[in-house]
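Protein sequences, first through last, are from chains A and B. Take the first sequence: its letter number 39 is residue 39 in my numbering, and every next letter is one higher. Each number in my numbering comes from the position in the second sequence (counting from 1) with 275 added on. Backbone N, C-alpha and C fix where the C-beta goes; we use that ideal spot for every residue, glycine too.
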Amino acid sequence: MSTPIQVYEPFKAGLPKLGKYWKSLWSRRTFISEFSKSELREQHFDSVFGQLWLVINPLLLSGVYFILIVIIRGGSDGTRYVHLTATLFLFYLISNSLTGGVKSITAGQRLILNTAFPRVMLPISAVIIAVFKFVPTIFVFLIIKVVVGSEFKVEMLWAIPILLITILLALGLAITISCINVYFRDIASFLPYLTRTLLYLSPVLYEASELDPKLRVLEVVNPLFPILDSWSSALVHGQMPEISNMLQGLAWAVGIFLIGTYFFLSREREFAVRL
Amino acid sequence: MSSLSAFSQHKTHEIAVSVRNLGLTYTTAIDKRPTLKARAKALGRGSKQTRVVRALDDVNLDVNYGQVLGVIGTNGAGKSTLMRCIAGILPPSQGRIEVNGSVSTLLALGVGFNPSMSGRDNVYLGGLAAGMTREEITGHFDEIAEFSELGDAIDAPMRTYSSGMFARLAFSVAATVRPDILIIDEALSTGDAKFKEKSLNRIKELRSDDRALILVSHAMKTLRETCNDIAWLHKGKIVQRGEPNQVIDAYQKFLDLGKSAAIDEDV
Numbered sequence: 001m002s003t004p005i006q007v008y009e010p011f012k013a014g015l016p017k018l019g020k021y022w023k024s025l026w027s028r029r030t031f032i033s034e035f036s037k038s039e040l041r042e043q044h045f046d047s048v049f050g051q052l053w054l055v056i057n058p059l060l061l062s063g064v065y066f067i068l069i070v071i072i073r074g075g076s077d078g079t080r081y082v083h084l085t086a087t088l089f090l091f092y093l094i095s096n097s098l099t100g101g102v103k104s105i106t107a108g109q110r111l112i113l114n115t116a117f118p119r120v121m122l123p124i125s126a127v128i129i130a131v132f133k134f135v136p137t138i139f140v141f142l143i144i145k146v147v148v149g150s151e152f153k154v155e156m157l158w159a160i161p162i163l164l165i166t167i168l169l170a171l172g173l174a175i176t177i178s179c180i181n182v183y184f185r186d187i188a189s190f191l192p193y194l195t196r197t198l199l200y201l202s203p204v205l206y207e208a209s210e211l212d213p214k215l216r217v218l219e220v221v222n223p224l225f226p227i228l229d230s231w232s233s234a235l236v237h238g239q240m241p242e243i244s245n246m247l248q249g250l251a252w253a254v255g256i257f258l259i260g261t262y263f264f265l266s267r268e269r270e271f272a273v274r275l
Numbered sequence: 276m277s278s279l280s281a282f283s284q285h286k287t288h289e290i291a292v293s294v295r296n297l298g299l300t301y302t303t304a305i306d307k308r309p310t311l312k313a314r315a316k317a318l319g320r321g322s323k324q325t326r327v328v329r330a331l332d333d334v335n336l337d338v339n340y341g342q343v344l345g346v347i348g349t350n351g352a353g354k355s356t357l358m359r360c361i362a363g364i365l366p367p368s369q370g371r372i373e374v375n376g377s378v379s380t381l382l383a384l385g386v387g388f389n390p391s392m393s394g395r396d397n398v399y400l401g402g403l404a405a406g407m408t409r410e411e412i413t414g415h416f417d418e419i420a421e422f423s424e425l426g427d428a429i430d431a432p433m434r435t436y437s438s439g440m441f442a443r444l445a446f447s448v449a450a451t452v453r454p455d456i457l458i459i460d461e462a463l464s465t466g467d468a469k470f471k472e473k474s475l476n477r478i479k480e481l482r483s484d485d486r487a488l489i490l491v492s493h494a495m496k497t498l499r500e501t502c503n504d505i506a507w508l509h510k511g512k513i514v515q516r517g518e519p520n521q522v523i524d525a526y527q528k529f530l531d532l533g534k535s536a537a538i539d540e541d542v
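As structure tokens, this is what we get:
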């Protein structure tokens, strides 16, 4: 028996053989989980206080924003706070994927220059880490909901498909931005402004229904808008989200994922030269 | 992408690596870091400030199982680039490379892509990225840790390592997994005399009929002792290939000439 012969030839612009790529990626799935684990360990999320910080951090954030809302609007209620926490936590899943993903390729320089492996593993790991950080906030949210006295309904289960759409979107965004960062290293410095803008353009500090009709265009141009709106409908109001909203969110997620992955895969063989 | 997990027996003289008409050119930007700001600034200036580097030019190289090939050449001759091409890290611009077996690389940078993680984590991550399974790495881990003589430091973050410790761990990883084809790029140049000797002995142990070794080094004495074949690379081309003493003598003669007559200047 002999190992299959590896052939390396000049590549033409375009995708590598997807079947082979997937096989190679799948055989390295332990890397993805191991990398996420050691990264979390390095950030001390394996300790009690580290875990606690994962919960305290979003809680403090939601507290700060709640004060902002109360001051600007001159008052608020419990539902508003539930909406704020629900959407803010989901928003941070995307924002953490972006901040983790942006430098995933450039920070993996040593590994990339030394080993041949599917480079897309690195942004994928960044998203997995963001998901790990997101999980404890679900419990925090549920506790807040109980404390505020908000009703639990079976429609809340719609949050599951919405979460899956969000993860797909986060993956697409992380893959895209990690690739862009190889060519433009200062994207990482622009990122905080980008995420901050996205936050204000999304129905987090306000609800989609309150939006001035003139600003409705935000719903169309912001990929996060339909997702966060559906998330709030399901989790906060216990209503079935509008199907059109979910489909719009799904279309954004699939679109960004496909385009980003295409760019990434067709360029990743060049990364070693660029780093 | 090569996988280290598929070990197999190879016959001596069977071809391990075949490089045909390999050419590699890349464009490097003059700017240190490619940024959006720099690109925007350059918009008005017309052409992009880049330099085309022809790193490898029509290289033909066969390595058979049982062979220990030394690769020599001055800085910038294309040695590391050639190794990266064989390892499948850099895609060639022209030509074709066939690799028949599993490859383990110990290139100049060694292991450890995340300095804030411990040596242990980095060994695992490097191995997993190279396509080994967790169990395989666990099976080798004790041997790696022992060979590297790092002791407790293996669990300390790699940013606390000295360059010698770094090199020792890197060498231990590459030399312990026993791949079909082992590429070692200037890894012997760091480390103290004791470890150097130890790693040299390990390389000698690793010489076997069903393995191909490629060593990139500037240590001519080591190469004379260990290799049974030498390729001399200069400006991306293979100048001479053959019996170690002969090629190394020619190379050293060339170096001496270069010193006096400066024939190698790129002015």
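Separation of residue j from residue i, as counted between CA atoms
i, j, result
"A383/B", "Q515/B", "Only weak support is given to the placement of A383/B: the predicted model assigns it a pLDDT of 47, under 50, and the value that follows is read from those uncertain coordinates. If I take the Cα positions, the gap works out to 23 Å."
"N222/A", "G348/B", "55 Å"
"M433/B", "G78/A", "48 Å"
"M495/B", "V127/A", "48 Å"
"V254/A", "L228/A", "16 Å"
"S447/B", "A420/B", "8 Å"
"S150/A", "I175/A", "37 Å"
"P366/B", "I412/B", "28 Å"
"R314/B", "G406/B", "37 Å"
"L247/A", "D332/B", "53 Å"
"R267/A", "D186/A", "19 Å"
"F117/A", "G376/B", "16 Å"
"C360/B", "L157/A", "51 Å"
"I56/A", "A291/B", "56 Å"
"Y76/A", "I67/A", "Checking the sequence, you will find Ser at residue 76/A rather than Tyr. One C-alpha to the other measures close to 9 Å."
"Q51/A", "E373/B", "49 Å"
Residue i in three-state terms, based on DSSP
i, result
"V204/A", "coil"
"H83/A", "helix"
"S379/B", "strand"
"D427/B", "helix"
"V346/B", "strand"
"S38/A", "helix"
"K471/B", "helix"
"A352/B", "coil"
"R486/B", "coil"
"Y436/B", "coil"
"V273/A", "helix"
"I109/A", "For the sequence presented, residue 109/A should be read as Gln rather than Ile. Of the three classes helix, strand and coil, the one that applies to Q109/A here is helix, per DSSP."
"E373/B", "strand"
"V7/A", "strand"
"L15/A", "coil"
CA nearest to the CA of residue i, picked from the options
i, options, result
"W507/B", "L336/B, K471/B, I459/B, I419/B", "L336/B"
"N245/A", "L191/A, G260/A, R267/A, I162/A", "I162/A"
"V146/A", "V236/A, G74/A, P123/A", "V236/A"
"V327/B", "S368/B, N339/B, A313/B", "S368/B"
"S38/A", "S437/B, D430/B, T325/B, V491/B", "D430/B"
"I180/A", "Q6/A, T85/A, F45/A, R274/A", "R274/A"
"V182/A", "L211/A, F190/A, F271/A", "F271/A"
"N296/B", "R371/B, I459/B, K312/B, N397/B", "R371/B"
"D467/B", "S423/B, Y399/B, D427/B, G401/B", "S423/B"
"E472/B", "R443/B, D485/B, I505/B", "R443/B"
"P136/A", "Y21/A, W53/A, I71/A", "W53/A"
CB-CB length for residue i against residue j, believed under 8 Å
i, j, result
"I165/A", "L25/A", "Not quite, the Cβ-Cβ distance comes to about 22 Å (not below 8 Å), so this is no contact."
"V343/B", "L488/B", "4 Å"
"V140/A", "L59/A", "6 Å"
"I478/B", "T501/B", "6 Å"
"L400/B", "E242/A", "Not really, about 43 Å apart at Cβ, beyond 8 Å."
"I69/A", "L205/A", "6 Å"
"V491/B", "V346/B", "5 Å"
"T115/A", "A404/B", "5 Å"
Below-8 Å beta-carbon distance, residue i vs any chain D residue
i, result
"R28/A", "Although the question refers to chain D, the structure presented lacks it and instead comprises the protein chains A and B."
beta-carbon residue i near the ligand NAD non-hydrogen atom, thresh 7 Å
i, result
"R28/A", "Absent from the structure shown: the ligand NAD. Ligands present: none."
Identity of the residues DSSP links to residue i by a beta bridge
i, result
"D337/B", "S293/B"
"D460/B", "V491/B"
"S393/B", "P432/B"
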